[in-house]
Every structure is written in structure tokens, then in C-alpha cells.
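First up is the structure itself, then whatever we jot down about it.
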Amino acid sequence: MSEQATNLNLGQIQRLRKAALLALGITAVCVLAFVHSAWPKGAHEIIESAGIWVLIVAIAGRAWCTLYIGGRKLASLVTTGPYSVSRNPLYLFTFLGVAGIGLQTGAVTPGLFLAAATIMVFRPVVIREERVLLGIFGEDYARYCTHVPRFGPSFANWQDSESLEISPRRLMRTVADALPLLLAYPVMEGIEYLQQSGFITAFVPVY
Numbered sequence: 002m003s004e005q006a007t008n009l010n011l012g013q014i015q016r017l018r019k020a021a022l023l024a025l026g027i028t029a030v031c032v033l034a035f036v037h038s039a040w041p042k043g044a045h046e047i048i049e050s051a052g053i054w055v056l057i058v059a060i061a062g063r064a065w066c067t068l069y070i071g072g073r074k075l076a077s078l079v080t081t082g083p084y085s086v087s088r089n090p091l092y093l094f095t096f097l098g099v100a101g102i103g104l105q106t107g108a109v110t111p112g113l114f115l116a117a118a119t120i121m122v123f124r125p126v127v128i129r130e131e132r133v134l135l136g137i138f139g140e141d142y143a144r145y146c147t148h149v150p151r152f153g154p155s156f157a158n159w160q161d162s163e164s165l166e167i168s169p170r171r172l173m174r175t176v177a178d179a180l181p182l183l184l185a186y187p188v189m190e191g192i193e194y195l196q197q198s199g200f201i202t203a204f205v206p207v208y
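Numbers in the working numbering are just positions in the sequence shown, counted from 1, shifted up by 1.
Following this line, the structure appears as C-alpha cells:
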């Protein structure tokens, strides 16, 4: 596969990924508007706070992954750091961030449901991406796939690099791409306010 064709394929995959995430986000907001936490107020607030920390971990995790792979995805096969325990750690932290959005409802079930839905939506995208990488790296990538799970993580496989070549531009881009996850907090607070004010009827109690 030529470099031009590879870049085109990966570009299509990335556009598909972003479109899928946008569609999922819009659907999630529409559904969560009619959901309310069945937990007592104290537990509700603890779950919301936990959700904020989960979002922060997701953003930091995506930045951590970029330290290892930023700018090298097509140039070399990265198998150390987070990529030694998961073939797709960037996606794994995205799933975690989406779970954090669900936790902003003050309930656990929406977080688990959104994470599961995101995995289902992204799975075909990831499979297409893996086919492209297999075409680039061949047997090396095939061997990598045999002992590192698609998502995982499998911490028993951990191995690190002695040094890293960091691309500040790609790192900042990754952080900027993930920062919209934090918008979940004001959005969910706004939805909760509309529910309490009677503008929206939340008729689905969840734990």
C-alpha cells in the first residue's frame, strides 16, 4: 500500500471516528435529559465528583499515550508504555472519558451504558484501522496483536522505553481534542437545572 493511500485510509478512518463520536454525544445528551439519579443526594454528589475525576484521568491518559506515539503511528510500530498493555490505549481512555460523562448524571448505570455503546460504535472503526496497520507493518504487527489485547488493558505485558521523542504540537492537539469532555460538567448541570425547574421531565430513574 502506498504512503498516499495509507494516509487517505487513515484520514477516512479518523473522520469516521469523529463523526461517530459526535453522533453518540448528541444522542447521549438527548437521552440523558430524561434520566435522573435514584441515589440519595449524598451518593448522587459523590458519583458526580467521581465522574469529574474520571474525565480528568481520561484527558491525562490520552496525553500520556501521545507521548509515546505522537507523529510515529505510520513510521514505526509502537509497542511500549501504554501500547504494551493495549493496542488502542487512546480509544481506551476515550471510553473512560465517556463513562465519566455518564457519571455526571449522579448515577453509575448511564456511565456503564455509554462506555459500552462507545465500544460498540468504535469497534468497526478500530478494526478498519488495524487492517491498515497490518498492511504497513505486516508480520510485526500480526505478532504484536497475538499478545497485546485490542483494548485490555493487560498489565502483565507492561514494558517501557528508555527515552521518548516528544512532539509538543501533537501533544497539545491531543489535549485540545480531549478537553471538550470537560464540557460534560456544565452541560449536565444545565440539564439538572432544567429538570429541577420543571422545563424537562426526567421520568427514567437510574442507579
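Just so you know, even glycine gets a beta-carbon here, dropped at the ideal spot from N, CA and C.
Are three or more beta carbon pairs between the segment 142-160 and the segment 80-88 nearer than 8 Å? yes
Suppose contacts are defined by Cβ-Cβ distances below 8 Å. Is residue 21 in contact with residue 122 by that definition? Against a cut-off of 8 Å, the Cβ pair of residue 122 and residue 21 comes out as a contact.
Quick check: what's the CA-CA separation for residue 165 versus residue 197? 50 Å
Spatial neighbours of residue 92 within its chain, please: C-beta separation below 8 Å, excluding the five flanking residues on both sides. Excluding residues up to 5 positions away in sequence, 123, 127, 152 lie with their Cβ nearer than 8 Å to the Cβ of residue 92 in the same chain.
Environment of residue 170 [buried if 16+ CB atoms lie within 10 Å]: By the beta-carbon neighbour count (other beta carbons within 10 angstroms, threshold 16), residue 170 is exposed.
Best match in 99, 118, 69 for proximity to residue 56 [C-alpha to C-alpha]: For the options 99, 118, 69, the alpha carbon positioned closest to that of residue 56 is the one of 99.
How should residue 5 be labelled, buried or exposed, when 16 other C-beta atoms within 10 angstroms of its C-beta is the threshold for buried? Below a pLDDT of 50, predicted positions are generally treated as unreliable, and residue 5, at 46, falls in that range; no measurement from the model is reported.
Tell me which residue opens and which closes the alpha helix (DSSP H) that residue 169 is part of. 169-179
For residue 85, the three-state DSSP class (helix, strand or coil): Helix at residue 85.
Option nearest residue 207 by Cα separation, candidates 39, 26, 133: 39
From which residue to which residue does the beta strand (DSSP E) around residue 206 run? 205-207
Could you tell me how far apart the beta carbons of residue 173 and residue 106 are, in whole angstroms, since I believe they sit closer than 8 Å? That belief does not hold up - the Cβ atoms of residue 173 and residue 106 are roughly 31 Å apart, past 8 Å.
Assign residue 36 to one of three DSSP states: helix, strand, or coil. Look at residue 36 here: in three-state DSSP terms it is strand.
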